[in-house]
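As C-alpha cells, the structure follows; a few thoughts come after it.
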Amino acid sequence: MQLLGDERERRLIAPLFGWLVKRYDYVLVELPNEASAAVMECFTQADQLFVVTKNDDDHLYKTRLLLQELREHSVGRNVEAKARIVLSAVCESYAPCVEDAARKVGQEINV
Numbered sequence: 052m053q054l055l056g057d058e059r060e061r062r063l064i065a066p067l068f069g070w071l072v073k074r075y076d077y078v079l080v081e082l083p084n085e086a087s088a089a090v091m092e093c094f095t096q097a098d099q100l101f102v103v104t105k106n107d108d109d110h111l112y113k114t115r116l117l118l119q120e121l122r123e124h125s126v127g128r129n130v131e132a133k134a135r136i137v138l139s140a141v142c143e144s145y146a147p148c149v150e151d152a153a154r155k156v157g158q159e160i161n162v
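Position one of the sequence shown corresponds to residue 52 (our numbering), numbered consecutively onward.
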C-alpha cells in the first residue's frame with residue numbers, strides 16, 4: 052500500500068494493522084517523508100518506531116520537528132519510549148558525534 056496523503060487513508064490504517072498483527076509476529080512499514088494524517092495514524096498504531104536519519108544538521112533538525120509533532124499528536128505512550136533514533140552514519144569520533152546528534156534531536160540515541 053502506498054500512502055498518497057489522502058485523509059481517507061487514515062481510516063484504513065488501524066484495520067489493516069489489526070489484520071497484519073494477527074498473522075505476523077513483526078510488521079515493518081516504510082513510511083514516506085511526510086506528516087500526513089495516514090502517517091500519523093501509522094505512528095499511533097505502532098508498538099515501536101525506528102526513525103532513520105542522516106547525521107547532518109538539516110536531517111537532525113527535521114527529526115527533532117517530527118518528534119515534537121509526535122508528542123503533540125499523542126502517539127500512544129510517550130515518544131521517548133516508543134521512538135528509537137537510528138543514525139545512518141556516524142563520524143570517526145563516535146561517542147561525541149552521537150551525543151551531539153542526541154542533543155540536536157532532543158532525545159537519547161541508543162547505540
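Backbone N, C-alpha and C fix where the C-beta goes; we use that ideal spot for every residue, glycine too.
Quick check on residue 165: buried or exposed, where buried means 16 or more other Cβ atoms within 10 Å of its Cβ?
There is simply no residue 165 to check, as the chain begins at 52 and stops at 162 in what is shown.
Would you call residue 60 buried or exposed, if buried means 16 or more other Cβ atoms sit within 10 Å of its Cβ?
buried
Where in the segment 85-161 do unbroken runs of the beta strand (DSSP E), each at least 3 residues long, occur, reported from the N-terminal end onward?
As for any beta strand (DSSP E) of minimum length 3 sitting wholly inside the segment 85-161, the runs are 100-104 and 134-138, ordered along the chain.
Taking the alpha carbon of residue 107 as the reference point, which residue from 90, 149, 64 and 120 has its own alpha carbon closest?
149
Have a look at 72, 111, 117 and 122 and flag the residue whose alpha-carbon is nearest the alpha-carbon of residue 140.
It is 111 whose Cα lies nearest to the Cα of residue 140.
Determine the burial state of residue 130: buried for a count of at least 16 other Cβ atoms within 10 Å of its Cβ, exposed for fewer.
buried
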